[in-house]
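Q: Can you keep this structure in mind? I'll have questions shortly.
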Amino acid sequence: MVMRKLGLAAGVLALLLLLPATVAVNPAGFMNSFVKAINTGNYSLIKPYMSDTLGEQFTEDYFNQIREFTLKNYGELMGYAPIGNETSGDLLKVEYRVKAEKGSFPVLLAYRNGTLVGIALGIAPRPNPLGMVASILSSIAATLLLVFRRRPSLSDFFLGSGLALGLAVIIPFYSIVLLTVGNPVRRALILALVSAATVEGLKFYFSRGRNGLSLGLGLGFGKYVLLAIGTFVSANFLMKIPVAFSGGALYVVLEAFLLTAYHGITGTIYSRNRRLIYPAGFSILLTAIYFSLAEGHPLGILLSLAAFLPVVKGWDHGAP
């Protein structure tokens with residue numbers, strides 16, 4: 001009888017020792033919390049499921065970025081369904097498909113020793129074809145509005161478009177910054193600094209002795225044609241990175257018109273003023289423009305335009 005009780009006690013002890021691991025491997029519980037967390041913005045719902053290391057990587061700021069991107073592209077989450085699971089070494093991988101208002105996407109969970117150590121979301125942008133077309137038309141409108149102020153140079157226009165093609169290598173960097181840098185001011189500063197070192201630098205260098213207006217307009221127009229192509233290719237065939245045009249068309253149209261005009265006017269100024277203070281000053285202006293456009297603040301966009309007006313007023317005095 002004593003041995004029987006000891007055996008029963010040992011069995012209960014073994015069960016208690018195994019219980020934490022069994023309870024921890026609860027992918028369905030995590031998925032329930034994940035759906036609620038995305039819909040409500042309550043990060044604390046999923047925090048207890050994650051290992052310490054995963055919690056340091058999948059922070060609340062990162063969660064908020066993922067949530068914003070997910071709701072923007074997929075709408076409210078409706079539920080989930082299991083796909084399957086497999087074991088790889090000491091990892092247990094469990095895959096689900098999340099259903100949302102505008103589609104679905106996979107979620108892969110990785111467990112080690114009963115603890116959630118990895119989360120992979122198969123979310124991708126939904127490019128807005130209207131935004132692609134509208135931005136190109138808006139860039140054309142800015143080009144036509146300005147090009148008749150001076151005799152255009154097709155060779156310099158095509159040179160500017162060629163510069164845009166060469167600068168296409170930095171497009172993925174812009175996308176990564178937009179996804180990973182949560183602070184809007186810091187994000188705008190990074191984008192402006194990159195533009196200063198690449199776009200403004202090349203425009204300043206090549207505008208010397210050329211028709212700066214045509215070169216700048218070619219750069220602006222070529223940029224939006226390439227962004228449209230890059231968005232389609234990336235979203236459908238490559239890395240599923242949101243290059244551009246995954247939201248509404250309004251601010252994309254404003255951006256295309258404003259920045260095409262910006263490139264044409266600054267190209268004109270660079271062609272006759274070779275001091276580095278000019279590209280440096282315009283790079284500071286770009287910070288305000290990027291911040292206003294990225295955050296969708298109409299007042300900020302108007303202020304950026306107002307800051308640009310003195311340049312527009314005097315841009316063609318003595319310009320070649």
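The numbers in my numbering rise by one with no breaks, and the one at position 165 of the sequence shown is 165. We treat Cβ as the ideally placed atom computed from N, Cα and C, and that holds for glycine. Everything numeric in this text was worked out from a predicted model, so none of it was measured.
1. Kindly indicate which residue of Lys102, Asn42, Ile46, Ile38 has the alpha-carbon position closest to the one of Gly29.
2. Indicate whether Ala142 and Ser283 have their beta-carbon atoms separated by less than 8 Å.
3. Pick from Met78, Gly162, Ser135: whose alpha carbon is nearest that of Leu250?
4. Can you list, in chain order, the stretches of the alpha helix (DSSP H) that have 4 or more residues and sit fully within the segment 113 to 178?
5. Within the continuous beta strand (DSSP E) that includes Tyr80, where are the two ends?
6. On the premise that Glu200 lies in contact with Pro279, defined as a C-beta separation below 8 Å, what is that separation, rounded to the nearest angstrom?
7. Cα separation between Gly267 and Leu92?
8. Is the separation between the beta-carbon of Ser88 and that of Arg97 shorter than 8 Å?
9. Do the CB positions of Ile170 and Val194 come within less than 8 Å of each other?
10. Note the first and the last residue of the continuous beta strand (DSSP E) segment covering Val98.
11. Would you check if the distance between the CB atom of Tyr43 and the CB atom of Phe63 is smaller than 8 Å?
12. Quick check on DSSP: helix, strand or coil for Gly103?
13. With distances taken from CA atoms, which of Asn73, Ile66, Tyr270, Tyr111 is nearest Leu54?
14. I need the straight-line Cα distance from Arg274 to Leu286, nearest angstrom please.
15. Using DSSP's beta-bridge definition, name the partner residues of Met31.
16. Use the C-beta contact count for Tyr49: other C-beta atoms within 10 angstroms, 16 or more gives buried, fewer gives exposed.
17. Taking the alpha helix (DSSP H) that Phe370 falls in, what are its first and last residues?
18. Which residues does DSSP list as the beta-bridge partners of Tyr111?
19. From Ile119 to Tyr74, what does the alpha carbon distance come to, in whole angstroms?
20. Less than 8 Å between the beta carbons of Gly84 and Glu101, yes or no?
21. Find out if the Cβ-Cβ distance for the pair Leu219, Leu145 is shorter than 8 Å.
22. Can you tell me where the alpha helix (DSSP H) holding Lys203 begins and where it ends?
23. May I have the straight-line CA-CA distance separating Val243 from Phe257, to the nearest angstrom?
24. Is it the case that the Cβ atoms of Ser214 and Phe157 are separated by a distance below 8 Å?
25. Quick one: grab the DSSP three-state call for Lys240.
26. Which word fits Pro27, buried or exposed, when buried means at least 16 other C-beta atoms lie within 10 angstroms of its C-beta?
27. Label Tyr262 either buried or exposed according to how many other C-beta atoms from any shown protein chain fall within 10 Å of its C-beta, with 16 as the threshold for buried.
28. Under 8 Å by Cβ, that's how I've got Ile265 and Gly209 pegged, so tell me the actual separation to the nearest angstrom.
29. For Leu227, which option in Val35, Gly79, Glu255 has the closest C-alpha, if you only look at C-alpha atoms?
30. Terminal residues of the continuous alpha helix (DSSP H) containing Ser51?
31. Between Thr260, Leu202, Thr40, which lies nearest to Leu276 when the distance is taken from Cα to Cα?
A: Let's see:
1. Against the sequence shown, residue 29 aligns to sequence position 29. It is Ile46 whose Cα lies nearest to the Cα of Gly29.
2. As a first step, residue 142 is located in the sequence shown; it is residue number 142 there, counting from the start. As a first step, residue 283 is located in the sequence shown; it is residue number 283 there, counting from the start. Against a cut-off of 8 Å, the Cβ pair of Ser283 and Ala142 comes out as no contact.
3. Position 250 of the sequence shown holds residue 250. Among Met78, Gly162, Ser135, the Cα nearest to that of Leu250 belongs to Ser135.
4. 129 to 147, 154 to 166
5. Along the sequence shown, one-based indexing puts residue 80 at 80. From DSSP, the beta strand (DSSP E) with Tyr80 extends over 77 to 88.
6. As a first step, residue 279 is located in the sequence shown; it is residue number 279 there, counting from the start. As a first step, residue 200 is located in the sequence shown; it is residue number 200 there, counting from the start. Sure, about 4 Å apart at Cβ, within 8 Å.
7. Taking the first residue of the sequence shown as position 1, residue 267 is located at position 267. Taking the first residue of the sequence shown as position 1, residue 92 is located at position 92. Roughly 57 Å between the two C-alpha positions.
8. On the sequence shown, residue 88 is found 88 positions in, with the first residue counted as 1. On the sequence shown, residue 97 is found 97 positions in, with the first residue counted as 1. Taking 8 Å as the Cβ cut-off, Ser88 and Arg97 do not qualify as a contacting pair.
9. Within the sequence shown, numbered from 1, the residue matching residue 170 stands at position 170. Within the sequence shown, numbered from 1, the residue matching residue 194 stands at position 194. Closer than 8 Å, so yes.
10. As a position in the sequence shown, residue 98 is number 98, starting the count at 1. It spans 91 to 100 - the beta strand (DSSP E) in which Val98 sits, taken as one unbroken run.
11. As a first step, residue 43 is located in the sequence shown; it is residue number 43 there, counting from the start. As a first step, residue 63 is located in the sequence shown; it is residue number 63 there, counting from the start. Yes, they are a contact pair.
12. Locating residue 103 in the sequence shown gives position 103, where the first residue counts as 1. If DSSP states are grouped into helix, strand and coil, Gly103 belongs with the strands.
13. Within the sequence shown, numbered from 1, the residue matching residue 54 stands at position 54. For the residues Asn73, Ile66, Tyr270, Tyr111, the minimum Cα distance to Leu54 belongs to Tyr111.
14. In the sequence shown, the residue the question calls residue 274 occupies position 274. In the sequence shown, the residue the question calls residue 286 occupies position 286. If I take the Cα positions, the gap works out to 19 Å.
15. Walking along the sequence shown from the start, residue 31 turns up at place 31. Paired residues: none, contrary to the question.
16. Along the sequence shown, read from residue 1 onward, the residue named residue 49 stands at position 49. Label assigned to Tyr49: buried.
17. Within the shown structure, residues of the chain are numbered from 1 to 320, placing residue 370 beyond reach of any answer.
18. Here residue 111 is taken as the residue at index 111 of the sequence shown, counted from 1. Answer is Leu92, Leu116, bridged to Tyr111.
19. Against the sequence shown, residue 119 aligns to sequence position 119. Against the sequence shown, residue 74 aligns to sequence position 74. Each residue's alpha carbon lies about 18 Å from the other.
20. Translated into positions along the sequence shown, residue 84 becomes position 84. Translated into positions along the sequence shown, residue 101 becomes position 101. Their beta carbons are not under 8 Å apart, which means Gly84 does not touch Glu101 by this criterion.
21. One-based indexing of the sequence shown puts residue 219 at position 219. One-based indexing of the sequence shown puts residue 145 at position 145. Taking 8 Å as the Cβ cut-off, Leu219 and Leu145 do not qualify as a contacting pair.
22. Start at 1 with the first residue of the sequence shown, and residue 203 comes out as number 203. Lys203 -> alpha helix (DSSP H) spans 201 to 206.
23. Indexing the sequence shown from 1 puts residue 243 at position 243. Indexing the sequence shown from 1 puts residue 257 at position 257. Residue placement at Val243 cannot be trusted, given a pLDDT of 44 that sits under 50; what the coordinates show is reported in the next sentence. Taking the straight line from one Cα to the other gives about 18 Å.
24. Taking the first residue of the sequence shown as 1, we reach residue 214 at position 214. Taking the first residue of the sequence shown as 1, we reach residue 157 at position 157. Yes, Cβ-Cβ distance for Ser214 and Phe157 is below 8 Å.
25. By 1-based counting over the sequence shown, the position of residue 240 is 240. Confidence in Lys240 is poor, its pLDDT being 46 and thus under 50, which makes the residue's placement unreliable; the coordinate value appears in the next sentence. The answer is coil: DSSP assigns Lys240 none of H, G, I, E or B.
26. Numbered from 1 along the sequence shown, position 27 holds the residue referred to as residue 27. By the 10 Å Cβ count, Pro27 comes out buried.
27. Within the sequence shown, numbered from 1, the residue matching residue 262 stands at position 262. Classification for Tyr262: buried.
28. For the purposes of this step, residue 265 is identified with residue 265 of the sequence shown, where counting begins at 1. For the purposes of this step, residue 209 is identified with residue 209 of the sequence shown, where counting begins at 1. At roughly 18 Å, the Cβ-Cβ gap does not stay under 8 Å, so Ile265 and Gly209 are not in contact.
29. Here residue 227 refers to the residue found at position 227 when the sequence shown is read from its first residue. Minimum Cα distance to Leu227 is reached at Glu255.
30. Here residue 51 refers to the residue found at position 51 of the sequence shown. Careful: Ser51 lies outside any alpha helix (DSSP H) and carries neither H nor E.
31. The count along the sequence shown starts at 1 and reaches residue 276 at position 276. Taking only the C-alpha atoms, the option nearest Leu276 is Leu202.
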